[in-house]
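There are 2 protein chains.
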Amino acid sequence: MPAKMLDLYPTRHTDKPEWQKRLDPVVHSDELSGSPVPHEKVEGFRQKGYMVLPGLYQEAEVAVFRAEIDRLRADPLTRSSEKTIREPGSESVRSVFAIHRDNPLFARVARDERIAGIARFLLGGDIYIHQSRLNFKPGFTGKEFYWHSDFETWHAEDGMPRMRAVSCSILLTTNNVYNGPLMLIPRSHRHFIPCVGETPENHYRESLKKQEYGVPDHKSLEELTDRYGIETVTGPPGTAVFFDSNIMHGSNSNITPMPRVNLFYVFNQTGNIPEDFLRSRSPRPDFVAERTIFEPLVIQRERFI
Amino acid sequence: MPAKMLDLYPTRHTDKPEWQKRLDPVVHSDELSGSPVPHEKVEGFRQKGYMVLPGLYQEAEVAVFRAEIDRLRADPLTRSSEKTIREPGSESVRSVFAIHRDNPLFARVARDERIAGIARFLLGGDIYIHQSRLNFKPGFTGKEFYWHSDFETWHAEDGMPRMRAVSCSILLTTNNVYNGPLMLIPRSHRHFIPCVGETPENHYRESLKKQEYGVPDHKSLEELTDRYGIETVTGPPGTAVFFDSNIMHGSNSNITPMPRVNLFYVFNQTGNIPEDFLRSRSPRPDFVAERTIFEPLVIQRERFI
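Just so you know, the protein sequences line up as chains A and B, in that order. Following numbering that gives the first Met the number 0, the numbering of the first sequence begins with 0 at its first residue and continues without gaps. Following numbering that gives the first Met the number 0, the numbering of the second sequence begins with 0 at its first residue and continues without gaps.
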């Protein structure tokens with residue numbers, strides 16, 4: 000059997016969540032010299048699985064992004080689109096998917112050197128967008144997002160073979176400790192925690208609202224937080240956060256009046272495209288997980304003001 | 000009409016949430032000289048509506064309380080009691096009420112000088128327990144508690160006439176920013192924000208799980224947080240928090256593995272007992288709001304180890 004036919008990270012086939020060591024590097028470029036961010040940031044990312052870059056986008060750029068989001072959320076086409084996910088039990092728009100394809104402005108953000116250049120460096124080669132979305136966690140009613148490793152989902156449900164993808168979130172509102180910020184378990188990206196149980200058919204639509212399957216077990220989460228603790232990402236608008244595809248993360252609800260808005264891009268390395276044989280079920284729609292367009296991003300410095 | 004027949008804080012009778020000035024003092028003792036806590040703590044309480052006292056109980060005392068709580072939560076009598084409130088959609092015990100009456104240990108905590116002495120000072124006279132409970136916000140599934148002023152509820156649903164009550168929470172686990180800690184809007188206690196709409200009959204049982212009626216409107220909450228911000232209470236086990244009956248507060252959900260456990264006592268001044276005419280509906284059960292026993296607490300220094 001050729002190497003590519005092996006499932007190196009089995010999950011959702013077992014009754015016991017036995018931890019496995021990560022088999023892939025975290026930073027895939029061999030040479031730090033080409034890094035677009037300071038070396039200590041890269042080292043922090045390697046060790047803890049994430050890094051925060053305040054001020055990557057200017058206030059005026061954030062204003063441009065916010066105006067476009069307000070326009071999109073009010074647009075009847077967006078509201079009726081299957082690519083739009085609502086809050087559980089409400090009509091509020093929670094996420095709009097595939098913004099790198101459908102929206103000219105957010106397509107330019109996707110290939111902007113300031114984020115895509117960092118992703119290309121971390122992943123050590125050409126990249127494309129596996130998934131993109133804008134997240135709008137409203138004030139007062141924003142619900143929690145339970146703990147998960149993105150890679151575990153992308154591997155089980157999309158067939159992504161290896162840990163060679165990275166997520167980038169651009170904060171467009173202030174993220175405080177109290178408005179449901181991203182919580183990460185630092186260093187958890189070095190373990191693969193398989194999930195117990197099978198994936199139901201058409202799981203994706205519910206799972207984007209509320210995770211119930213494909214979630215890590217309580218004991219593993221206790222063990223991870225005992226060992227490594229929990230860190231929250233806070234910062235002003237314009238902050239960018241990069242986190243490894245396999246880091247355990249989640250967020251609590253948001254009863255404050257302050258919405259939490261961000262742009263979210265998942266960069267995958269072009270040698271790591273999904274394999275059908277790794278999926279146990281029918282594929283998720285391609286607005287959630289890219290399945291046809293794997294051309295490398297043409298990265299360039301974009302201007303938004 | 001005698002003064003006592005007036006409703007000084009009308010709420011739930013109106014369509015418009017018109018703010019009203021607080022008519023009562025915050026600290027009811029005239030002389031700071033008798034204060035059991037440093038004067039700057041009292042001043043902080045007066046201005047912001049709450050104060051945090053780390054280390055009021057020792058680790059060994061907390062261990063005694065925790066052991067009793069574990070015993071209680073496992074006790075079939077507790078599990079089947081009407082005084083026990085469960086998490087929405089789960090069998091987990093969320094709160095056990097009237098612990099100052101039913102539990103000898105927690106009755107002694109209620110009259111312990113370390114908390115009751117402070118309450119008596121703040122309220123400027125004899126006090127009794129209006130409500131007590133242990134709160135157990137479990138890990139992984141702890142739900143949010145929406146914004147509210149306790150006084151608004153006690154006034155509308157129990158008939159408490161004036162703002163002359165204080166809540167004390169004793170933290171029995173570490174409260175971090177990420178495990179659903181108490182959030183307060185400092186200085187909000189100086190405004191009375193009436194709630195719109197009527198109180199449904201038998202509202203209390205659902206409201207203890209999830210607030211849907213008697214909640215402040217979005218616009219008032221935005222105005223309050225714009226003016227005053229939000230503060231979270233964090234601290235190690237043994238920390239005590241005193242907060243004014245009218246301060247706006249709430250908490251987010253808790254997906255972390257760390258439960259949030261506390262003892263909660265509401266002290267009311269014996270001149271401020273509930274009046275039937277102020278309630279619009281039938282009274283809540285007396286394990287939620289004391290209606291018969293108004294004898295002053297006999298406050299003394301208690302020992303738990």
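The C-beta atom is built at its ideal place from N, Cα and C for all residues, glycine as well.
field: Amino acids of chain B, ordered along the chain, whose beta-carbon sits closer than 7 Å to that of A:Ser-252
entry: Glu-143, Asn-251, Ser-252
task: Give a yes or no on contact between the stretch 221-237 of chain A and the stretch 172-183 of chain A, applying the rule of three or more CB pairs nearer than 8 Å.
output: At 8 Å Cβ cutoff, the stretches touch.
task: Give the range of the beta strand (DSSP E) segment to which B:Lys-15 is assigned.
output: Taken as a continuous stretch (DSSP letters only), B:Lys-15 belongs to no beta strand (DSSP E), as it is neither H nor E.
- prompt: Helix, strand or coil: how does DSSP classify A:Gln-210 here?
  reply: Bear in mind that a pLDDT of 48 at A:Gln-210, under 50, signals an unreliable position, so the number given afterwards is only what the model happens to contain. Three-state result, A:Gln-210: coil.
- request: List the endpoints of the continuous alpha helix (DSSP H) containing A:Phe-64.
  value: 58-73
field: Neighbourhood of B:Asp-23 by C-beta distance below 7 Å, restricted to the same chain and skipping five residues each side
entry: Arg-161, Met-162, Arg-163
message: Give me, in chain order, the residues of the same chain whose beta-carbon lies closer than 6 Å to that of B:Ser-240; leave out the 5 immediate sequence neighbours on both sides.
response: Looking at the sequence shown, residue 240 of chain B is not Ser but Val. Here the set comprises Val-51, Ser-168, Val-232.
message: Quick check on B:Thr-231: does DSSP put it in helix, strand or coil?
response: The three-state reading of DSSP puts B:Thr-231 in strand, counting E and B together.
Per-residue burial, A:Ser-32 [other beta carbons within 10 Å of its own, 16 or more giving buried]: By the beta-carbon neighbour count (other beta carbons within 10 angstroms, threshold 16), A:Ser-32 is exposed.
task: With A:His-38 as the anchor, note down where its beta strand (DSSP E) starts and where it stops.
output: No beta strand (DSSP E) contains A:His-38, which is instead part of the alpha helix (DSSP H) from 38-47.
message: Within a Cβ cutoff of 6 Å, which residues of the same chain sit near A:Ser-148, ignoring the five residues on either side of it in sequence?
response: So the list reads Asn-245, Met-247, once near-sequence residues are dropped.
task: Just confirm the distance between the C-beta atoms of B:Phe-44 and B:Ser-166, as a whole number of angstroms; I'd bet it's less than 8 Å.
output: Incorrect: roughly 12 Å between the Cβ atoms, too far for contact.
query: Can you tell which of A:Asp-125, A:Ala-97, A:Gly-138 has the C-alpha that lies nearest to the C-alpha of A:Asn-253?
result: That would be A:Gly-138, whose Cα lies nearest to the Cα of A:Asn-253.
message: What does the Cβ neighbour count give for A:Ala-97, buried or exposed, with the cut at 16 atoms within 10 Å?
response: buried
- prompt: Taking only beta-carbon atoms, is A:Ile-246 less than 7 Å away from chain B?
  reply: no
- request: Determine, using beta carbons only, whether B:Val-232 comes closer than 7 Å to chain A.
  value: no
field: A:Asp-157, DSSP secondary structure in three states
entry: Annotated three-state conformation of A:Asp-157 is helix, per DSSP.
message: Looking at the secondary structure, which residues open and close the beta strand (DSSP E) in which A:Ile-169 lies?
response: Looking at the DSSP string, the run of the beta strand (DSSP E) that includes A:Ile-169 is 164-170.
message: Does the CB of B:Met-182 have a neighbour CB from chain A at under 7 Å?
response: yes
message: For B:Lys-82 and B:Ser-250, I'd like the C-alpha separation in whole angstroms.
response: The straight-line gap from Cα to Cα measures roughly 22 Å.
task: Keeping to the same chain, check which residues put their C-beta closer than 8 Å to that of A:His-27; ignore five residues upstream and five downstream.
output: Leu-121, Leu-122, Gly-123, Gly-124, Arg-163, Gln-268
- prompt: Leaving out five residues before and five after B:Ile-68 in sequence, what residues of the same chain have Cβ atoms less than 8 Å from its Cβ?
  reply: Leu-133, Phe-135, Leu-171, Val-260
- prompt: B:Val-95: which of B:Arg-113, B:Pro-75, B:Lys-20 sits nearest, CA to CA?
  reply: B:Pro-75
- prompt: Under the DSSP definition of a beta bridge, which residues are partnered with A:Leu-52?
  reply: A:Ala-239
- prompt: Which value, in whole angstroms, describes the spacing of the CA atoms of B:Ala-115 and B:Phe-266?
  reply: 8 Å
query: With 16 as the cutoff for other CB atoms within 10 Å, does B:Ala-59 come out buried or exposed?
result: exposed
query: A:His-190 versus chain B: which residues are under 9 Å apart at the beta carbon?
result: Result: empty, since nearest Cβ-Cβ is about 16 Å, beyond 9 Å.
Minimum Cβ-Cβ distance from A:Thr-224 to chain B less than 7 Å: Interface residue (Cβ-Cβ distance to chain B less than 7 Å): A:Thr-224 is classified as such.
- request: Round the Cβ separation of B:Val-36 and B:Ile-117 to the nearest angstrom and send it over; I've been treating them as touching at under 8 Å.
  value: 6 Å
field: Residue interval of the beta strand (DSSP E) (run including A:His-129)
entry: 126-136
Between the CA atoms of B:Ile-192 and B:Gln-210 - distance to the nearest angstrom: Unreliable placement is indicated for B:Gln-210, whose pLDDT of 48 sits below 50; the coordinate value is still reported in the next sentence. Looking at the two C-alpha atoms, the distance is approximately 16 Å.
message: Less than 7 Å between the C-beta atoms of A:Pro-10 and A:Glu-151, yes or no?
response: It is worth fixing the name first, because residue 10 of chain A is Thr in this sequence and not Pro. Their beta carbons are under 7 Å apart, which means A:Thr-10 touches A:Glu-151 by this criterion.
field: Spatial distance of B:Glu-90 from A:Glu-143 (CA atoms)
entry: 20 Å
field: N-terminal and C-terminal residue of the alpha helix (DSSP H) that B:Val-108 is part of
entry: 103-110
query: Any idea what DSSP makes of A:Ser-187, helix, strand or coil?
result: It is helical.
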